[in-house]
Amino acid sequence: MKNINDYKALAFFDLDGTLLNSQSQLDGEVIDGIRKIRDNGVLPFIATGRGNFELDDIMKQTGITGAVSLNGQYIVLDGKTIYKEQIPISSVEKLLSASEPHNEALSFYDGQGYWLNKITDHARTAYAYTHAPMPDAAPERYLTDEVNMLLVLTNQLSQVEYYKKEVPELNFFMNSPSSIDVTNISTNKGTGLKHVLDVLDFKGETFAFGDGRNDLHLLAAADHKTAMGNSVPELKEMADFVSSSNTDHGIINAFKHWDLM
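Quick note, in our numbering, the sequence shown goes up one by one and the last residue is 910.
Pasting the structure below:
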């Protein structure tokens, strides 16, 4: 990477529903568009609930080398970890106790992979929804391996309020029809963006692109906010620009709107 402040802006992209198509793949025009904005002085970052270890193909195809992963809990750049947060074991155990009466599985994420406390039918559905490999069950692994993010695997949006009440030191938000994302209460994609700026001492502008509830903080932290046409209503309300959907040239239309290409 050249000197960071040789770039005029940083751009942060959600993946599913934003940068990726309906099959969780990159369209050719998006790959080309990312290359063009970088050539035009805009350094792209991924900003996702996924783990950094899941991004190799996407980063290889696009040339993107930075990622705010696990909803801000784990940040990498040029192959190095530049920031991470652990979820305390005490909080993990409170969440396990809260999930048990509802038979809802938890998925645990660190910087290298992910695992489940148990396998349920809905756990299978959740990983099929994101086209991701089904993890193994390892109910006590959290005691020895650092946990940087969790998922509660459920299709009940009302469970967000239940878990907030039961484990108030953690942050819960429904990011897909099949799971609730869980981070430390003070951490999200927006704080991840700010950590990148602080670590790199970047002075230029920031752009953010997203579609889901876990992108609300990301857009709030950015100078220029884009919601995809398929976004949740709350995100569209706060956006400076609402593009077309991710399956209808949404990223490219946003690049054109902001004159980034």
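Beta carbons: idealized from backbone N, C-alpha and C, even for Gly. Predicted, not measured: the structure shown is a model, and the values here were computed from it.
Evaluate P817 with the Cβ neighbour count: other Cβ atoms within 10 Å of its Cβ, from every protein chain shown; 16 or more gives buried, anything less gives exposed. For this step, residue 817 is matched to residue 168 along the sequence shown. Counting Cβ neighbours within 10 Å, P817 comes out exposed, since fewer than 16 surround it.
Between the beta-carbon of S880 and the beta-carbon of A888, is there less than 9 Å? Along the sequence shown, one-based indexing puts residue 880 at 231. Along the sequence shown, one-based indexing puts residue 888 at 239. Cβ distance < 9 Å, so S880 and A888 count as in contact.
What is the DSSP secondary structure of L692, counted as helix, strand or coil? In the sequence shown, counting from the first residue as 1, residue 692 sits at position 43. Looking at L692 - three-state DSSP - the assignment turns out to be strand.
Through-space distance from E795 to G715, alpha-carbon basis: Taking the first residue of the sequence shown as position 1, residue 715 is located at position 66. Taking the first residue of the sequence shown as position 1, residue 795 is located at position 146. Going from the Cα of G715 to the Cα of E795 covers about 22 Å.
Nearest-angstrom Cα separation, counted from H866 out to F661: By 1-based counting over the sequence shown, the position of residue 661 is 12. By 1-based counting over the sequence shown, the position of residue 866 is 217. If you take the alpha carbons of F661 and H866, they lie about 12 Å apart.
Which partner residues does Y758 have in the DSSP bridge list? Position 109 of the sequence shown, counting from 1, holds the residue named residue 758. DSSP, once it has assigned bridges, lists Y763, M798 as partnering Y758.
Which residue marks the beginning of the beta strand (DSSP E) containing S893, and which one marks its end? The residue you call residue 893 lines up with position 244 of the sequence shown. Here S893 belongs to no beta strand (DSSP E), and DSSP marks it neither H nor E.
Check whether D629 and D663 have beta carbons under 9 Å apart: Because the chain in this structure spans residues 650 to 910, residue 629 falls outside the shown range and cannot be described.
Please identify the residue among L659, F890, K874 whose C-alpha is closest to the C-alpha of I683. Along the sequence shown, read from residue 1 onward, the residue named residue 683 stands at position 34. The shortest Cα separation from I683 among L659, F890, K874 belongs to L659.
Do S746 and L802 have their beta-carbon atoms positioned less than 9 Å apart in this structure? For the purposes of this step, residue 802 is taken as residue 153 along the sequence shown, with counting starting at 1. For the purposes of this step, residue 746 is taken as residue 97 along the sequence shown, with counting starting at 1. No, Cβ-Cβ distance for L802 and S746 is not below 9 Å.
Tell me whether D830 is buried or exposed, calling it buried when 16 or more other Cβ atoms sit within 10 Å of its Cβ. Working through the sequence shown from its first residue, we reach residue 830 at position 181. D830 should be labelled buried.
What residue range does the beta strand (DSSP E) around E753 cover? Counting from one through the sequence shown, the residue named residue 753 turns up at place 104. Taken as a continuous stretch (DSSP letters only), E753 belongs to no beta strand (DSSP E), as it is neither H nor E.
Measure the C-alpha to C-alpha separation of F856 and V717 and round it to an integer number of angstroms. Position 207 of the sequence shown, counting from 1, holds the residue named residue 856. Position 68 of the sequence shown, counting from 1, holds the residue named residue 717. If you take the alpha carbons of F856 and V717, they lie about 14 Å apart.
When you compare only the Cα positions, how much space is there between T769 and E753? Numbered from its first residue, the sequence shown carries residue 769 at position 120. Numbered from its first residue, the sequence shown carries residue 753 at position 104. Roughly 8 Å separates the two Cα atoms.
Range covered by the alpha helix (DSSP H) that runs through H866: Here residue 866 refers to the residue found at position 217 of the sequence shown. First-last of the alpha helix (DSSP H) with H866: 865-870.
Between the alpha carbons of D727 and D665, how many angstroms are there, rounded? Locating residue 727 in the sequence shown gives position 78, counting from the first residue. Locating residue 665 in the sequence shown gives position 16, counting from the first residue. Between D727 and D665, the C-alpha separation is close to 22 Å.
I need the boundaries of the beta strand (DSSP E) containing H780, first residue and last residue. Looking up residue 780 in the sequence shown gives position 131. Per DSSP, H780 belongs to no beta strand (DSSP E) and is neither H nor E.
Roughly how many angstroms lie between the CA atoms of Y763 and L668, to the nearest whole one? To locate residue 763, count along the sequence shown from 1; it is residue 114. To locate residue 668, count along the sequence shown from 1; it is residue 19. In a straight line, the C-alpha of Y763 is about 23 Å away from that of L668.
So, helix, strand or coil for A787, using DSSP? Working through the sequence shown from its first residue, we reach residue 787 at position 138. Coil, per DSSP.
Rounded to whole angstroms, what is the Cα-Cα separation between Y811 and L819? Position 162 of the sequence shown holds residue 811. Position 170 of the sequence shown holds residue 819. Approximately 12 Å between the Cα atoms of the pair.
Secondary structure at T667, three-state DSSP: helix, strand or coil? Your numbering for residue 667 matches position 18 in the sequence shown. Looking at T667 - three-state DSSP - the assignment turns out to be helix.
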